[in-house]
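Written below as structure tokens is the structure these notes are about.
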Amino acid sequence: MEYKVIPFVASIDPKKGTPEHVAEQLDSLIKIYTSDGWKYIRLESVTTFVQPDNGCFGFGAKPGYTTTRQMVVFEK
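Going by my numbering, the first residue of the sequence shown is number -3, and it counts up by one from there.
Rendered as structure tokens:
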């Protein structure tokens, strides 16, 4: 069995966007891959810690932080 994991980041207009727009984008992504023979499995959240950036001699230093990304999982 073969797997493919694709990042999913929905993009909507903050004034006109609705949950339906997000669903349409996900639906479109799923249709693209299923037409290539992949079977949709699930939408998975992946939490990652981004390491701090110490900057140059401490100038411009940025603290580390945690972020979550959505990944679409397919199998073939």
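Here a beta-carbon is modelled for each residue, glycine too, at the ideal position from N, C-alpha and C.
Model, not experiment: these values are computed from the prediction.
Please classify residue i as buried or exposed, where buried requires at least 16 other C-beta atoms within 10 Å of its C-beta.
i, result
"VAL68", "buried"
"PHE70", "buried"
Which first and last residues belong to the alpha helix (DSSP H) in which residue i is found?
i, result
"PRO3", "Run containing PRO3: none in the alpha helix (DSSP H); it sits in the beta strand (DSSP E), -1 to 4."
Need the endpoints of the beta strand (DSSP E) that residue i sits in, please.
i, result
"SER41", "35 to 46"
Bridge partners for residue i per DSSP, in chain order?
i, result
"LYS58", "ASP49"
"VAL18", "Its beta-bridge partners do not exist; DSSP assigns none."
"THR64", "THR43"
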